[in-house]
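When the letters of the sequence shown are read in order and numbered with my numbering, they come out as residues 37 to 294. Cβ coordinates follow ideal geometry from the N, Cα and C atoms, glycine included.
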Amino acid sequence: MSAAVYGVHAAQWARQNQSFRQIWHEVRSELWVRFMKSPQLSEDGFRVVYSTMAREWEREQAALFATSWHGRLTAWRVAATTWSSSLGKKASQHPFAIACTAGTLSSSLGDVVVQKTVLKRPEIEKHQTLVLGLFGLGWTGMVQHCVYGKLFPSLVAASGLTGLRAVMMQLFGDQCFYIPFVYFPAFYATKEIASSGNSTASLQEIVQEGLQKYKCNLIADMKLCFGYWVPVQAVSFNFVPAACRALFLCSASFVWFR
Numbered sequence: 037m038s039a040a041v042y043g044v045h046a047a048q049w050a051r052q053n054q055s056f057r058q059i060w061h062e063v064r065s066e067l068w069v070r071f072m073k074s075p076q077l078s079e080d081g082f083r084v085v086y087s088t089m090a091r092e093w094e095r096e097q098a099a100l101f102a103t104s105w106h107g108r109l110t111a112w113r114v115a116a117t118t119w120s121s122s123l124g125k126k127a128s129q130h131p132f133a134i135a136c137t138a139g140t141l142s143s144s145l146g147d148v149v150v151q152k153t154v155l156k157r158p159e160i161e162k163h164q165t166l167v168l169g170l171f172g173l174g175w176t177g178m179v180q181h182c183v184y185g186k187l188f189p190s191l192v193a194a195s196g197l198t199g200l201r202a203v204m205m206q207l208f209g210d211q212c213f214y215i216p217f218v219y220f221p222a223f224y225a226t227k228e229i230a231s232s233g234n235s236t237a238s239l240q241e242i243v244q245e246g247l248q249k250y251k252c253n254l255i256a257d258m259k260l261c262f263g264y265w266v267p268v269q270a271v272s273f274n275f276v277p278a279a280c281r282a283l284f285l286c287s288a289s290f291v292w293f294r
């Protein structure tokens with residue numbers, strides 16, 4: 037509704053009840069209050085008429101806003117926040133079990149997808165899938181739940197940092213210490229064990245071979261990490277509740293693992 041429509045209605049009502057000047061001041065004040073502060077509706081007939089028109093105007097503006105990119109982004113942000121909050125409440129009830137389940141599924145299913153789509157194997161190597169599934173249970177699930185759901189939040193609380201500084205501290209600790217010196221050695225050793233199959237080499241030799249590959253690929257792997265995991269972890273540390281981080285990272289690990 038346009039301001040002219042409000043003016044016409046105000047003038048008609050003024051001629052029937054009070055002086056035009058007095059009513060026009062009331063209309064102008066009412067419009068300002070309705071559009072800027074939106075108080076509760078009054079029982080007065082004059083205010084009921086214009087509050088109804090104001091609600092219609094608000095609905096029209098909301099419809100226009102919903103068609104714009106800004107409106108769509110706002111709706112997506114609100115939906116994501118609501119979903120994250122709801123998921124956080126559910127995950128907080130059984131965070132450890134959810135993390136372990138998600139870690140097992142992401143690693144085992146990721147390996148099956150790799151064997152079928154990337155390596156084009158006619159049959160799935162069950163030994164490899166089993167070992168990587170156990171890695172997902174023990175490391176991707178259990179360990180990462182403790183690291184991202186317990187350790188990092190505790191470090192942030194102890195440091196007193198908030199906002200962007202807290203996120204940057206966690207990103208630094210994750211990408212400069214945990215990933216290159218803790219996660220990658222464990223991942224390469226486990227991957228080498230999983231792919232050894234019927235090898236006659238001892239477990240120690242297999243692990244050493246995996247660690248040697250880790251050293252050779254470290255620089256290339258960290259470049260990929262900076263391109264993939266830094267944005268993912270920035271989202272995780274910013275928006276994902278601590279109880280849901282392991283679940284969120286397991287979903288992201290499915291893509292990385294592949």
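**Q.** Per-residue burial, Q76 [other beta carbons within 10 Å of its own, 16 or more giving buried]
**A.** Taking the sequence shown and counting its residues from 1, the one referred to as residue 76 is at position 40. Residue confidence is low: Q76 scores 46 on pLDDT, short of 50, so the model does not pin down where it sits. Its coordinate-derived value is still stated next. Exposed, because fewer than 16 other Cβ atoms sit within 10 Å of the Cβ of Q76.
Q) Assuming Q164 and A230 make a contact with CB atoms under 8 Å, what is their CB distance in whole Å? A) Working through the sequence shown from its first residue, we reach residue 164 at position 128. Working through the sequence shown from its first residue, we reach residue 230 at position 194. So it is a contact: roughly 4 Å between Cβ atoms.
Q: Determine the extent of the alpha helix (DSSP H) in which A175 is found, giving its start and end residues.
A: For the purposes of this step, residue 175 is taken as residue 139 along the sequence shown, with counting starting at 1. One detail in the question is off: residue 175 reads as Trp in this sequence, not Ala. That residue, W175, is in no alpha helix (DSSP H); it is neither H nor E in DSSP.
Q) At which residue ranges does the segment 219–277 contain complete alpha helix (DSSP H) runs of 4 or more residues, listed in the order of the chain? A) As far as the segment 219–277 is concerned, its whole alpha helix (DSSP H) runs of at least 4 residues are 220–232 and 239–275.
**Q.** Boundaries (first-last residue) of the alpha helix (DSSP H) holding S143
**A.** For the purposes of this step, residue 143 is identified with residue 107 of the sequence shown, where counting begins at 1. Run containing S143: P131 to V149, per the alpha helix (DSSP H) assignment.
Q: Go to T165, then tell me how far its alpha helix (DSSP H) extends in each direction, as first and last residue.
A: Along the sequence shown, one-based indexing puts residue 165 at 129. First-last of the alpha helix (DSSP H) with T165: K162 to F171.
**Q.** Where the alpha helix (DSSP H) through F299 begins and ends
**A.** Nothing about residue 299 can be reported from this structure: the residues present for the chain run from 37 to 294 only.
Q) Leaving out the 5 sequence neighbours to the left and right, which residues in its chain are closer than 6 Å to D210 when beta-carbon positions are compared? A) In the sequence shown, the residue the question calls residue 210 occupies position 174. Closer than 6 Å at the Cβ level, and outside the excluded window around D210, lie Q269.
**Q.** Rounded C-alpha distance that separates D233 from T153
**A.** For the purposes of this step, residue 233 is taken as the residue at position 197 of the sequence shown. For the purposes of this step, residue 153 is taken as the residue at position 117 of the sequence shown. Just to set this straight, residue 233 is Gly in the shown sequence, not Asp. Computed Cα separation, rounded: 20 Å.
**Q.** Assigned secondary structure, S74 (DSSP; H/G/I helix, E/B strand, else coil)
**A.** Along the sequence shown, read from residue 1 onward, the residue named residue 74 stands at position 38. Unreliable placement is indicated for S74, whose pLDDT of 46 sits below 50; the coordinate value is still reported in the next sentence. Reduced to three states, the DSSP call for S74 is coil.
**Q.** Enclosing alpha helix (DSSP H) for L191 [first to last residue]
**A.** As a first step, residue 191 must be located in the sequence shown, where it is residue number 155. Start and end: F188 to S195.
Q | E92 classed as buried or exposed, judged by whether at least 16 other C-beta atoms fall within 10 angstroms | A | What you label residue 92 is simply residue 56 of the sequence shown in a count that begins at 1. By the 10 Å Cβ count, E92 comes out exposed.
Q. Are the Cβ atoms of S143 and G172 separated by less than 8 Å?
A. As a position in the sequence shown, residue 143 is number 107, starting the count at 1. As a position in the sequence shown, residue 172 is number 136, starting the count at 1. Yes. Within cutoff.
Q) Sorted by chain position, which residues of the same chain lie with C-beta nearer than 8 Å to E241's C-beta, five sequence neighbours on each side aside? A) Start at 1 with the first residue of the sequence shown, and residue 241 comes out as number 205. So the list is empty, once near-sequence residues are dropped.
Q: Return the chain-ordered list of same chain residues with a C-beta closer than 6 Å to the C-beta of G246, the five sequence neighbours on each side being excluded.
A: Translated into positions along the sequence shown, residue 246 becomes position 210. Excluding sequence neighbours, G246 sits near Y224, A225 and E228.
(Q) By alpha-carbon positions, which one of L197, G169 and Y219 ends up nearest to V148? (A) Here residue 148 refers to the residue found at position 112 of the sequence shown. The shortest C-alpha separation from V148 is found at G169.
Q. When you compare only the Cα positions, how much space is there between P277 and Y250?
A. One-based indexing of the sequence shown puts residue 277 at position 241. One-based indexing of the sequence shown puts residue 250 at position 214. Distance between the alpha carbons of P277 and Y250: 32 Å.
(Q) Given this structure, state the Cα-to-Cα distance separating E79 from F188, to the nearest angstrom. (A) In the sequence shown, counting from the first residue as 1, residue 79 sits at position 43. In the sequence shown, counting from the first residue as 1, residue 188 sits at position 152. With a pLDDT of only 46 at E79, under 50, the local geometry of the prediction cannot be trusted, and no value is derived from it.
Q: Check E92 in the structure and name its three-state DSSP category.
A: Start at 1 with the first residue of the sequence shown, and residue 92 comes out as number 56. It is helical.
Q) Which same chain residues, not among the five before or five after W292, have their C-beta less than 7 Å away from its C-beta? A) Taking the first residue of the sequence shown as 1, we reach residue 292 at position 256. The answer, listed in chain order, is Y264.
**Q.** Three-way DSSP call (helix, strand, coil) for K152 in this model
**A.** Position 116 of the sequence shown, counted from the first residue, corresponds to residue 152. Residue state, collapsed to three classes: helix.
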